[in-house]
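These notes are about the structure you will find just below.
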Ligand code: TIU
């Protein structure tokens, strides 16, 4: 299959490609979670949910592998470096009790993936302590075992966890494509810059395309 992506067409086949959905968690998308404690307006992020749902449905229909990630720390915070917890002046720190449970802690209500994009049986869920999906996780080994060579990315936030994960994946040899209407930032100009820099220099980090381009490609194949 071939998507009319930027900066040039992206070729992939479903059997060797995974859809990686980064951190579509209540902690980032709903008020009272980690994103808001950092001082951000979380309302911006909800706008991408319908496009993400459409891609997820089409990808499931096509029979492709789905990976969901969550930024999540162990309840004793043993996997949270003090530099991450103590930096800045958030209204609540990682591990503190918030309106959706403890901020950014695995198993808490706020740490769950939003219901609209909830994983179903058989899909991979990766809890990650860092911004990148490959750091201190079994993701690379699991993708290698599944014969995956190509990754389609969506999720939040574009210039933090999505970009870090896509760069990690690129360095590990995956051909990566970012679905640009399925990712968002608290800072629209950071999203715009991140999208542009990833596909610059002949896809130095990867390709970009729209959800409709992917869905059309899957339907006409
Ligand atoms: N998932 C993710 O991007 N984590 C962040 O902390 N993002 C921010 O933009 N803060």
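In this note's numbering, the protein residues as written are 1091 to 1311.
Yeah, the Cβ is synthetic: ideal placement off N, Cα and C, and Gly gets one too.
None of these values were measured; they are calculated from a predicted model.
Supposed contact pair residue j and residue i - C-beta distance, whole angstroms, cut 8 Å
i	j	result
residue 1258	residue 1224	4 Å
residue 1122	residue 1189	4 Å
residue 1117	residue 1200	5 Å
residue 1307	residue 1111	Not confirmed; about 18 Å, so no contact.
residue 1204	residue 1139	7 Å
residue 1285	residue 1269	Not confirmed; about 10 Å, so no contact.
residue 1260	residue 1292	Residue 1260 to residue 1292, Cβ: 13 Å. No contact.
residue 1143	residue 1206	6 Å
residue 1169	residue 1276	Wrong, their Cβ atoms sit about 24 Å apart, outside the cutoff.
residue 1288	residue 1256	6 Å
residue 1214	residue 1232	6 Å
Beta-carbon proximity of residue i to residue j, cut-off 7 Å
i	j	result
residue 1248	residue 1227	no
residue 1102	residue 1091	yes
residue 1146	residue 1298	no
residue 1301	residue 1152	no
residue 1119	residue 1134	no
residue 1209	residue 1158	yes
residue 1236	residue 1304	no
residue 1229	residue 1238	no
For residue i, the residue or residues it bridges with in DSSP
i	result
residue 1195	1163
residue 1242	1109 and 1267
residue 1299	1269
residue 1214	1157
residue 1286	Beta-bridge pairing links residue 1286 to no other residue.
residue 1203	1115
residue 1220	Note: residue 1220 sits in no beta bridge, so no partner.
residue 1188	1191
Length at least 4, wholly inside the stretch 1091 to 1161: the alpha helix (DSSP H) runs in chain order | The qualifying runs are 1116 to 1119, 1124 to 1127 and 1139 to 1152.
Is there contact between the stretch 1190 to 1201 and the stretch 1156 to 1165, where contact requires at least three CB pairs shorter than 8 Å?
-> Yes, the stretch 1190 to 1201 is in contact with the stretch 1156 to 1165.
On the three-pair Cβ rule with 8 Å, is the stretch 1103 to 1113 touching the stretch 1231 to 1249?
-> By the Cβ test, the stretch 1103 to 1113 is in contact with the stretch 1231 to 1249, since at least three Cβ pairs between them sit closer than 8 Å.
Assess, as a yes-or-no matter, whether the stretch 1126 to 1138 is touched by the stretch 1175 to 1186 under the definition of 3 or more beta carbon pairs within less than 8 Å.
-> yes
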